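Novice:
In UniProt numbering, the protein residues as written are 1 to 310.
1. Kindly indicate which three-state DSSP category residue 272 falls into: helix, strand or coil?
2. Can you give me the C-alpha to C-alpha distance between residue 23 and residue 51, rounded to a whole angstrom?
3. Would you kindly check if the distance between the Cβ of residue 88 and the Cβ of residue 76 is under 8 Å?
4. If you run the structure through DSSP and keep just helix, strand and coil, what is residue 282?
5. The beta strand (DSSP E) that contains residue 91, what's its start and end?
6. Which one of 156, 143, 111 has the shortest CA to CA distance from residue 256?
7. Can you list, in chain order, the residues of its chain with a C-beta nearer than 7 Å to that of residue 229? Leave out the 5 residues immediately preceding and following it.
8. State the start and end residues of the unbroken beta strand (DSSP E) segment that holds residue 173.
9. Tell me whether residue 378 sits in a helix, a strand or coil according to DSSP, three-state version.
10. What would DSSP say about residue 262, mapped onto helix, strand or coil?
11. For residue 235, which residues does DSSP report across the bridge?
12. Taking only three categories from DSSP, how would you classify residue 41?
13. Using a Cβ-Cβ distance under 8 Å, would residue 147 count as near chain C?
14. Using a Cβ-Cβ cutoff of less than 6 Å, which residues in the same chain neighbour residue 136 once the five nearest sequence positions on both sides are dropped?
15. Residues in its own chain within less than 8 Å of residue 30 by CB, not counting five upstream and five downstream?
16. Alpha carbon to alpha carbon, how far is residue 289 from residue 10? Give it in angstroms, no decimals.
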């Protein structure tokens, strides 16, 4: 089968096409012909060797949509997903009329957005939610789900005017620049002079520190990544106590072994089919151009979900 293989740790340039034997599923596993594989920021980090370090050579990727031997169209988590065939555990059936990109957007990004709001932030109806990088893979779904879950006001941050326009189109009440300088002031202005009840941040660095200043008493800041590449800022417990605020973290990969974590996927599929949730597909690349997809993702040139097609 065809794969894109990392021959050493480094940037996207370390990926090269290769032919390897078809994988053999163990009992309880399902072999699929891959229709599309999802591209995630974690793939960039894994290539660098800074996330789930794997000795080269290896095939990156963690999610696919594909066909089983008996013709079912399914999606699920898979190791070595940058390939024409992959093994899936606990496959979930996908409607025939739902695009592969839209489906894959619900797996890592959709489940992450659901748990960020429900499990980590524990959003209550009427609260104000700020979503950083709101045009991104998780962010654009979090904006929509926050509205679906009863948020009183949804504010998205994005780096360009074009992305901010998209955030508004997706249902945010306001969209502002995500720059660290003046962050808290922009959030307050967009929220009628008040701080935010919930902030979701995957940018990190100075933006994380600025977001902390934008959280209202008894509010929550949930961190789930550091796309800026900046070192994490220390959090002063005394500051949290004085301001009555909380900082939480969430990582989907670290919770998949827990019961019920993937159950919201069915609700996400139903919302999408009903037209109440709109997963964005930022681009579909040939499998052999996986390196270009990762370059575009790392450079923040894209919006929504990126997929590879074998």
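Beta carbons: idealized from backbone N, C-alpha and C, even for Gly.
Keep in mind it's a predicted model, so treat the numbers as computed, not measured.
Specialist: So, from the data block:
1. The residue labelled residue 272 in the question sits at position 272 within the chain shown. Looking at residue 272 - three-state DSSP - the assignment turns out to be helix.
2. One-based indexing of the chain shown puts residue 23 at position 23. One-based indexing of the chain shown puts residue 51 at position 51. So the alpha carbons of these two residues sit roughly 24 Å apart.
3. Taking the first residue of the chain shown as position 1, residue 76 is located at position 76. Taking the first residue of the chain shown as position 1, residue 88 is located at position 88. In contact: residue 76 and residue 88 (Cβ atoms closer than 8 Å).
4. For the purposes of this step, residue 282 is identified with residue 282 of the chain shown, where counting begins at 1. Looking at residue 282 - three-state DSSP - the assignment turns out to be strand.
5. Position 91 of the chain shown holds residue 91. Looking at the DSSP string, the run of the beta strand (DSSP E) that includes residue 91 is 85-93.
6. Stepping through the chain shown from its first residue, residue 256 is reached at position 256. Taking only the C-alpha atoms, the option nearest residue 256 is 111.
7. Position 229 of the chain shown, counting from 1, holds the residue named residue 229. There are no such residues.
8. Taking the first residue of the chain shown as position 1, residue 173 is located at position 173. Neither: residue 173 is in no beta strand (DSSP E) and is coded neither H nor E.
9. One cannot answer for residue 378 here, as it falls past the ends of the chain, which runs 1 to 310.
10. Looking up residue 262 in the chain shown gives position 262. Residue 262: coil per DSSP, three-state reduction.
11. Mapped onto the chain shown, residue 235 falls at position 235. Note: residue 235 sits in no beta bridge, so no partner.
12. Sequence index remark: in the chain shown, residue 41 carries index 41 (1-based). Helix at residue 41.
13. The structure shown contains no chain C; it is built from a single protein chain.
14. As a first step, residue 136 is located in the chain shown; it is residue number 136 there, counting from the start. Within the same chain, residue 136 has no close Cβ partners at all.
15. In the chain shown, counting from the first residue as 1, residue 30 sits at position 30. So the qualifying residues of the chain are 68, 74, 76, 87, 88, 89, 91.
16. Numbered from 1 along the chain shown, position 10 holds the residue referred to as residue 10. Numbered from 1 along the chain shown, position 289 holds the residue referred to as residue 289. Looking at the two C-alpha atoms, the distance is approximately 16 Å.
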